[in-house]
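Chemist: The sequence shown begins at 551 in my numbering and counts up one residue at a time.
Take a look at this one; I'll ask things after.
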Amino acid sequence: MMESVQQTITRVSQELSCSLTSRRVAEHLDRHDELRQLRQEFLIPKISDLPPYCVYFAGNSLGLQPKNTKKSIEEELEKWATM
551 MMESVQQTIT RVSQELSCSL TSRRVAEHLD RHDELRQLRQ EFLIPKISDL PPYCVYFAGN
611 SLGLQPKNTK KSIEEELEKW ATM
């Protein structure tokens, strides 16, 4: 049976001898994430790109924008324009 998220975080925090909410736990989980390489396929806003009064929620309904989105949309718009 697969370990639950809570069990994983508890196990990792015990292995690292730190709090469940420790940055070390998050960094460890990030380093061992099997899907980590997919991160480079998305545009991730930087704090410096946002207005100072802005809060960006990456969990919005669309999520982060894949890097190839703009190109794909432009290709479809070009097809539409020349139909």
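The beta-carbon is built from N, C-alpha and C at its ideal position, and this holds for glycine as well.
Quick one: using the 10 Å Cβ neighbour count with 16 as the cut-off for buried, is Val575 buried or exposed?
Modeler: buried
Chemist: Using alpha carbons as the reference points, say which of Arg561, Phe607, Ile594, Phe592 lies closest to Leu579.
Modeler: Nearest in C-alpha terms to Leu579, of all of Arg561, Phe607, Ile594, Phe592, is Arg561.
Chemist: Between the C-alpha atoms of Tyr603 and Lys617, what's the straight-line distance to the nearest angstrom?
Modeler: About 26 Å.
Chemist: Given Ile559, which residues of its chain have a CB within under 8 Å of its CB, disregarding the five upstream and five downstream residues?
Modeler: Leu570, Val575, Leu579
Chemist: Going by beta-carbon coordinates alone, are Leu614 and Leu593 separated by less than 9 Å?
Modeler: yes
Chemist: What's the gap between the Cα of Glu625 and the Cα of Asp583?
Modeler: 33 Å
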